[in-house]
Amino acid sequence: MRFSYTKSTLMFAALLMGFFSVSWTHAATPADSACPALLQQNVLRLQDEKPQSLCQYAGKVVVVVNTASFCGFTPQYEGLEALHAKYKDQGLVVLGFPSNDFSQETGSNKQIADFCENTFGVKFPMFTKTSVTGKDASPLFKQLSAKTGTTPKWNFYKYVISRNGQSVESFNSMTDPKSRSFVREIEKQLASK
């Protein structure tokens, strides 16, 4: 059997195919539309180095902090864990990113995980060693720096991300997790729906 197509039939078919391909390629999935661009990335979990999507934290107030085991600010782990425990049921999550950018995190991922858990009882999510400054900075830290106009100057630099991912406030290493200004920003973001 032989088929013959007219020029108008072929044009209609091409138009129809173009319509459907545009519809399929540009349709956002519900997960994508609910996840802020800032969180649309995968990182490796510290405990087992398995990939994790940061989209699982969409809709939460997120504190991102670059950490180090051998720093004068390392005791801030305790305050960060206390904040995480106190506010997690209200929608807060603290995300820790160990970094050796300031030469104070020389251990392996396993050593870092053991140190955080055994020394400070850290239960908030931690991720594998990450670069947070310069050309090698992770995409997350590049975006945080772009949104706030400031990069981490040292360990325990903190970023508070609003529930919708549109607002980001930065706090330097000297800002203790229990400081009024830091807690006030977290509570303000938690109150926003």
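Numbering of the sequence shown is given in the numbering used here, commencing with residue 3 and proceeding in unit increments.
Beta carbons: idealized from backbone N, C-alpha and C, even for Gly.
As assigned by DSSP and simplified to three states, the class of residue i
i, result
"F173", "strand"
"L85", "helix"
"K160", "strand"
"S55", "strand"
"S23", "With a pLDDT of 33 at S23, under the threshold of 50, the predicted position of this residue should be treated as unreliable, though the coordinate-derived value follows. The answer is helix: DSSP assigns S23 an H, G or I state."
"V185", "helix"
"L41", "helix"
"P100", "strand"
"F129", "strand"
"T108", "coil"
"L48", "coil"
"T121", "helix"
"T150", "helix"
Contact under 9 Å by Cβ, residue i with residue j
i, j, result
"F158", "Q78", "yes"
"V45", "V162", "no"
"V39", "G167", "At residue 39 the sequence reads Ala, which differs from the Val that was named. Yes."
"V67", "L56", "no"
"R186", "G93", "no"
"G98", "T76", "no"
"P179", "K160", "yes"
"F117", "G109", "yes"
Cβ separation of residue i and residue j, assumed to be a contact under 8 Å, to the nearest whole Å
i, j, result
"K131", "I114", "7 Å"
"P154", "T135", "6 Å"
"T95", "K62", "The displayed chain sequence assigns Val, not Thr, to residue 95. Contact flag correct, Cβ pair sits at about 5 Å."
"V149", "H86", "The sequence as given places Lys at residue 149; Val does not occur at that position. 22 Å between Cβ atoms; not a contact."
"R47", "Q58", "Actually they are not in contact, since the Cβ atoms of R47 and Q58 sit about 11 Å apart, beyond 8 Å."
Residue burial classification, residue i (beta-carbon count within 10 angstroms, cutoff 16)
i, result
"A60", "buried"
"T189", "Correcting the residue identity first, residue 189 is Glu in this sequence and not Thr. Per the 10 Å Cβ criterion, exposed."
"K175", "The sequence as given places Ser at residue 175; Lys does not occur at that position. Flag for S175 reads buried."
"Q191", "buried"
"E107", "buried"
"A139", "buried"
Candidates the options: closest to residue i by CA position
i, options, result
"S71", "I188, N111, A84", "N111"
"E171", "S181, K180, W156, G151", "G151"
"S101", "A36, N174, S133, R182", "S133"
"S169", "D91, S147, K90", "S147"
"S105", "K52, F122, G74", "G74"
"K52", "S194, P127, R182, S183", "P127"
"D103", "K137, A36, Q49, F184", "K137"
"Q49", "K90, Q43, D91, E119", "E119"
"Q43", "S183, F184, F143", "F143"
"F184", "S194, F173, A193", "F173"
heavy atom of the ligand NAD below 8 Å from residue i C-beta
i, result
"Q43", "Ligands displayed in this structure: none; no statement on the ligand NAD is therefore possible."
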